[in-house]
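K.L.:
Using the working numbering, the first residue of the sequence shown is number 453, and each one after it goes up by one. Sharing a structure, written as structure tokens. Questions coming.
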Amino acid sequence: MKAAVAVRPGGPEVLELTELPRPKPGRGEALVRLHASSINHVDVWARTGAIPHSGRFPRVLGADGAGTVEEVGDEVDPSVLNTRVLLYPLVTCGSCEPCMEGRENLCDDLKMLGVHLPGTYAEYVKLPAENLVPIPDEMDFTTASTLGVAYLTAWTAVRAADVGVGRSVFIPGATGGFGTAAVRFSLALGATVLASTASPQKAQRLKETGVKHVIDANVRDLAEEVRRVTGGRGVDAALDSVGSATFLQSLRAVRKGGKVVTIGATTGKEVQLDLRFVFANGLNISGVYMGTRKELAEIVKWVTEGRVRPVIDSVYSLEEVAEAHSRVDGRLAFGKVVLRPTGSA
């Protein structure tokens, strides 16, 4: 099978197209023929070797994917053959405390496609059959391939922040995969959205999607600007995927008793925080790591019903994987960048 492989840690240039043996599903596993695979920042970190305890190089990247079930192993219901599915990207143990509580995204022995296991930048991938999430015929594979990481994380984050009617939310760096997903869910839930970007072109696109206030990320003080826009009050919640460059600004942007949800660290993982500011203002800080299979199925339902429409920036062939990664690396995309390993997406 064709696969795009990171041959060593590095930039997009380390991605090479190669031929690998087609995987054989074992007991409890399924083989999926992939029609689309979307790119996430975790793929970039896996490519550069920035994730501790991840797999060896060369490695097949890719956590997100959608396609059709082509083969199943023993103890798998054969009725799933030829069905259309998207992939839940986290492989879990099923027996630890978080798994037993239905929070498998926090599994004690968590493994992710494209990081610890062969990923979705290939014509085929094998994974546990329990990781298959059915999609309806009316949902195209390109759309489905965007849901497993960015949209799942955004869905979990907006719920953790109690985003909804009558509430306001600030989303810094709102133009990538997570950012556009968080904007779409927040608007669909009836919230007032404030978002930031350094690009005038992307700012215009955010406005066109319904964002009430778009803030120039180059301003001296993002939090001060958020407070100015909200009449000094601040927002009810902030969803921060940017990390060290904006996290403290997000804390200062929320009102007393407000919520800050952190889900990523694309600009850095460490901040220096005065804890007195947190407890004196009654702030609630929580972390979100993707979500569960059940939550991913809920997103499929929302998209199918037309309540949310994923933002697709561009689609590339598997042979163009280095160019696609360069677009993500350069922060040029508005929404999701998708690869097409086989067939029609």
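Think of the CB as a built atom: it goes at the ideal place given N, C-alpha and C, for glycine as much as any other residue.
Rounded to the nearest angstrom, what separates G782 and G631 at their Cα positions?
P.N.:
Your numbering for residue 782 matches position 330 in the sequence shown. Your numbering for residue 631 matches position 179 in the sequence shown. Looking at the two C-alpha atoms, the distance is approximately 16 Å.
K.L.:
Do the stretch 680-697 and the stretch 705-725 make contact, defined as three or more Cβ pairs closer than 8 Å?
P.N.:
Judged by Cβ distances under 8 Å, the stretch 680-697 makes contact with the stretch 705-725, as three or more pairs qualify.
K.L.:
Going by DSSP, what residue range makes up the alpha helix (DSSP H) through K753?
P.N.:
To locate residue 753, count along the sequence shown from 1; it is residue 301. Unbroken alpha helix (DSSP H) run through K753: 745-756.
K.L.:
If I follow the unbroken alpha helix (DSSP H) through S620, where does it start and stop?
P.N.:
Along the sequence shown, one-based indexing puts residue 620 at 168. Note, S620: premise wrong, no alpha helix (DSSP H); beta strand (DSSP E) at 620-623.
K.L.:
Quickly, what does DSSP pair A456 with across the bridge? List them, please.
P.N.:
In the sequence shown, residue 456 corresponds to position 4, counting from 1. A456 is bridged to L469.
K.L.:
Quick check on N733: does DSSP put it in helix, strand or coil?
P.N.:
Numbered from 1 along the sequence shown, position 281 holds the residue referred to as residue 733. The answer is coil: DSSP assigns N733 none of H, G, I, E or B.
K.L.:
Roughly how many angstroms lie between the CA atoms of G720 and G517, to the nearest whole one?
P.N.:
For the purposes of this step, residue 720 is identified with residue 268 of the sequence shown, where counting begins at 1. For the purposes of this step, residue 517 is identified with residue 65 of the sequence shown, where counting begins at 1. Their backbone Cα atoms lie some 27 Å apart in a straight line.
K.L.:
How big is the Cα-Cα spacing for R536 and T470?
P.N.:
Against the sequence shown, residue 536 aligns to sequence position 84. Against the sequence shown, residue 470 aligns to sequence position 18. The straight-line gap from Cα to Cα measures roughly 26 Å.
K.L.:
With three or more beta-carbon pairs closer than 8 Å as the criterion, would you say the stretch 602-617 touches the stretch 650-667?
P.N.:
No, because fewer than three Cβ pairs between the stretch 602-617 and the stretch 650-667 fall closer than 8 Å, the two stretches do not touch.
K.L.:
Taking the continuous beta strand (DSSP E) assigned at S766, which residues delimit it?
P.N.:
Start at 1 with the first residue of the sequence shown, and residue 766 comes out as number 314. Element bounds for S766: 764-769.
K.L.:
Determine contact between the stretch 580-595 and the stretch 759-776, defined as no fewer than three beta-carbon pairs at a distance below 8 Å.
P.N.:
They touch, by the three-pair rule.
K.L.:
Does K753 pass the burial test, meaning 16 or more other C-beta atoms within 10 Å, or should it be called exposed?
P.N.:
Counting from one through the sequence shown, the residue named residue 753 turns up at place 301. The residue is exposed, with fewer than 16 neighbouring Cβ atoms inside 10 Å.
K.L.:
Is it buried or exposed, F729, if we count other Cβ atoms within 10 angstroms and call 16 or more buried?
P.N.:
Along the sequence shown, one-based indexing puts residue 729 at 277. So F729 ends up on the exposed side.
K.L.:
So, with DSSP's three-state summary, where would you put R680?
P.N.:
Within the sequence shown, the letter at position 228 stands for residue 680. Helix.
K.L.:
What does the alpha-carbon distance come out to for the pair D726 and T682?
P.N.:
Counting from 1 along the sequence shown, the entry for residue 726 is found at position 274. Counting from 1 along the sequence shown, the entry for residue 682 is found at position 230. Straight-line Cα distance between these residues: approximately 24 Å.
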